[in-house]
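Undergrad: Under mature numbering (1 follows the signal peptide of the UniProt record, and there is no 0), read the sequence shown as residues -23 to -1, 1 to 408, first letter to last.
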Amino acid sequence: MRMGMKLLTLLCLLLLRIGGSECRGKKHSRGADFLNVENYGAKGDDFLDVKNNNEKNGDFFNVMNYGAKGDGRTDDSKALMDTWKAACGFKGSVRYYIPPGNYIVGPLNFNGPCKGVTTMNFMIKGTLKASTDLSKYGPTDSWVMFGWLTGLKLTGYGTFDGQGAASWPLNNCPKNKNCKVLPASIKFVATDYTEVQAITSLNSKFFHIVLLDCKNFKATNLQITAPATSPNTDGIHIERSTDVSISNSKIGTGDDCISIGHGNTRVFINGVTCGPGHGISVGSLGRYPNEGDVMGLSVTGCVLTGTANGLRIKTWQDSPDTSVATNMTFENIVMYNVANPIIIDQNYCPYTYCTARAPSRVKISDVSFKNIRGTSATETAVTLHCSNGLPCQNVRLQDVQLNYYGPGKRAKATCMNVKASYSGTQIPPPC
Ligand SMILES: *[C@@H]1O[C@H](CO)[C@@H](O)[C@H](O)[C@H]1NC(C)=O
């Protein structure tokens, strides 16, 4: 008890220093979670709204109070889900807290709707480690899922460690079109007004982050890391989503840095560095029936280093349906030693047994590449290979300066089924 008082006094002093006056002469209920405020206050984190941070509001849900151990051995899945049930059932603005520690967990479904919750402040300071026992994951499971939520704020400088190394050798998707898919690390499904800030994703088993049917999604300060050789570890995959912004993030992984799948409207990518990996990619589009259009993409101020592609738009040959990809702008991009810096590929088919020769039925239009500089690891710095069934319309290149990285030879461009328009500097020279 005396110990508790001492800590409380300390905490009050801390709160006073930060500017709150709540401690003066007021009675506080206290529990283990109350003391965790210290972490936030001490780091000047405004996420938790320190002034309002006492338990009497009952809006603070610490996983430690629901039996989590965070000891790197115990399976904490149940504790985290029990905490979620309580938090999701609360009213108003809610705080879900994972303190520092290592939490071994299987699939977690942080699903709503949380009817009374206006803002779900989900703060993770610790490291979640994905169970390596694949039998724990159902066939369509991701690892950590946030679904059907409005007003989710995910932050805290914590880490989602997919512990993928053990399962990468089991992934045969690069060779087999109908492969069994491993769980993605973090998946957002049908969320509205989501903010993700200061989160690390490490060694995902499959994709790192997936957005599906999301609206008003903002992510910033993400760190996404996996080895260059890890299969299908796309950094962020966006599908059927509207008003998405990804900014100021660092993504080095084994597959696409960011991939923009079908059915997306207004996606903004700014200040992202990519590498290693396969670069920023629209697609692949046109693989399945009934795919949605891609309308409105802006990629600005990005740096790509040593990636297999830079800015790529890829659509499958022989697509079952028609769709549209339009209004896409790539501006102020720097590339270092990128193998295919600018590439439109409408004959995409990564499997050796693809034999279809039917053209892609995805119509690409209004694409502009502006101020794209740097070096190409191959001689072909610009590839514009459009569908012979639906030639690209209104493709513009302005101030493109991509020199071949190697000795002696000059960068070149190759074009099919496109009449691009050019202005400003053009290295390589136009086709
Ligand atoms: C084109 O895309 C940008 C960026 O996503 C968007 O802001 C703009 O409204 C779009 N323009 C049209 C005509 O759809």
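Using N, Cα and C, we set each Cβ at its ideal position, and we do this for glycine too.
Candidates T104, G385 and F307: which alpha carbon is nearest D53's?
TA: Considering only alpha carbons, the answer is T104.
Undergrad: For G278, is the beta carbon positioned less than 6 Å from some heavy atom of ligand 1?
TA: Answer for G278: no, Cβ out of range of ligand 1.
Undergrad: What is the chain-ordered set of residues for which the beta carbon lies under 5 Å from any non-hydrogen atom of ligand 1?
TA: In chain order, the qualifying residues are R243, G273, S275 and N304.
Undergrad: Measure how close the beta-carbons of S296 and S236 come, nearest whole angstrom, since I'm counting them as under 8 Å.
TA: Between S236 and S296 the Cβ distance is about 17 Å, and since that is not below 8 Å, they are no contact.
Undergrad: In this structure, how does DSSP classify G229 when only helix, strand and coil are distinguished?
TA: DSSP places G229 in strand when its eight states are reduced to three.
Undergrad: Report the rounded CA-to-CA distance for I404 versus C326, giving the unit in angstroms.
TA: Roughly 28 Å between the two C-alpha positions.
Undergrad: Under a Cβ-count criterion, where at least 16 other Cβ atoms within 10 Å of its own Cβ denotes burial, should R264 be classed as buried or exposed?
TA: Buried, because 16 or more other Cβ atoms sit within 10 Å of the Cβ of R264.
Undergrad: Quick check on S119: buried or exposed, where buried means 16 or more other Cβ atoms within 10 Å of its Cβ?
TA: So S119 counts as buried.
Undergrad: For the structure I just gave you, are there three or more beta carbon pairs, one from the segment 221 to 241 and one from the segment 197 to 207, closer than 8 Å?
TA: Flag = yes, the segment 221 to 241 and the segment 197 to 207 touch.
Undergrad: Drop a sphere of 10 angstroms on the beta-carbon of K106, count the other beta-carbons inside from all chains shown, and report buried for 16 or more, exposed for fewer.
TA: Buried is the call here.
Undergrad: Check the DSSP bridge columns for H214 and list the partner residues they point to.
TA: According to DSSP, H214 bridges with V187 and S236.
Undergrad: Can you give me the C-alpha to C-alpha distance between S398 and Q378, rounded to a whole angstrom?
TA: Rounded to the nearest angstrom, the two C-alpha atoms are 15 Å apart.
Undergrad: Apart from the five residues on each side of it in sequence, which residues of its chain come closer than 6 Å, Cβ to Cβ, to C150?
TA: Closer than 6 Å at the Cβ level, and outside the excluded window around C150, lie C156 and N209.
Undergrad: Here's a check: name, in chain order, each residue in its chain whose Cβ is nearer than 6 Å to the Cβ of Y74, leaving out the five neighbours to either side.
TA: Within the same chain, Y74 has close Cβ partners N39 and M100.
Undergrad: What's the C-alpha gap between A175 and V339?
TA: Between A175 and V339, the C-alpha separation is close to 36 Å.
Undergrad: Closest to F37 by C-alpha separation, out of N324, N371, V71 and N317, would be which residue?
TA: If we check each option's Cα against that of F37, V71 comes out closest.
Undergrad: So L57 is in the beta strand (DSSP E); what residue range does that whole segment cover?
TA: That residue, L57, is in no beta strand (DSSP E); its alpha helix (DSSP H) goes S54 to C65.
Undergrad: Determine the DSSP secondary structure at N149, reduced to helix, strand or coil.
TA: N149: coil per DSSP, three-state reduction.
Undergrad: On the three-state DSSP scale, how would you describe K92?
TA: Reduced to three states, the DSSP call for K92 is coil.
Undergrad: So for V40, helix, strand or coil by DSSP?
TA: Correct three-state label for V40: helix.
Undergrad: If the criterion is Cβ atoms closer than 7 Å, does the pair G351 and Y313 meet it?
TA: Their beta carbons are under 7 Å apart, which means G351 touches Y313 by this criterion.
Undergrad: Please report the distance separating the alpha-carbon of T136 from that of L179.
TA: So the two alpha carbons sit approximately 7 Å from each other.
Undergrad: Starting from H362, follow the beta strand (DSSP E) in both directions and report where the run begins and ends.
TA: Per DSSP, H362 belongs to the beta strand (DSSP E) from T357 to H362.
Undergrad: Just mark R50 as buried or exposed, buried being the case when its beta carbon has 16 or more other beta carbons within 10 Å.
TA: Burial call: exposed.
Undergrad: For my contact list, A203 and T230 are in at a C-beta cut-off of 8 Å; report their separation, rounded to the angstrom.
TA: That pair is a contact at about 4 Å.
Undergrad: So what's T402 in DSSP terms, helix, strand or just coil?
TA: In the structure shown, T402 sits in a strand (DSSP, three-state: E or B).
Undergrad: Cα separation between G240 and I246?
TA: Rounded to whole angstroms, G240 to I246 spans 17 Å at the Cα level.
Undergrad: Grab me the residues of Y134's own chain with a C-beta within less than 6 Å of its C-beta, minus the 5 sequence neighbours each way, in chain order.
TA: The residues are A175.
Undergrad: So I213 and H185 are supposed to be a Cβ contact under 8 Å. How far apart are they, rounded?
TA: I213 to H185, Cβ: 7 Å. Contact.
Undergrad: Here's a check: name, in chain order, each residue in its chain whose Cβ is nearer than 6 Å to the Cβ of K164, leaving out the five neighbours to either side.
TA: Answer for K164: S119, M122 and V187, listed in chain order.
Undergrad: What would DSSP say about A205, mapped onto helix, strand or coil?
TA: DSSP places A205 in coil when its eight states are reduced to three.
Undergrad: Report the rounded CA-to-CA distance for C408 versus V315, giving the unit in angstroms.
TA: Those two C-alpha atoms are separated by around 20 Å.
Undergrad: Between the C-alpha atoms of L129 and D233, what's the straight-line distance to the nearest angstrom?
TA: So the two alpha carbons sit approximately 26 Å from each other.
Undergrad: Please go through the same chain and pick out, in chain order, the residues whose beta-carbon is closer than 8 Å to the beta-carbon of P76, but skip the five residues on each side of it.
TA: Only N13, N16, N39, V40, M41, G47, K102 and G103 meet the Cβ criterion.
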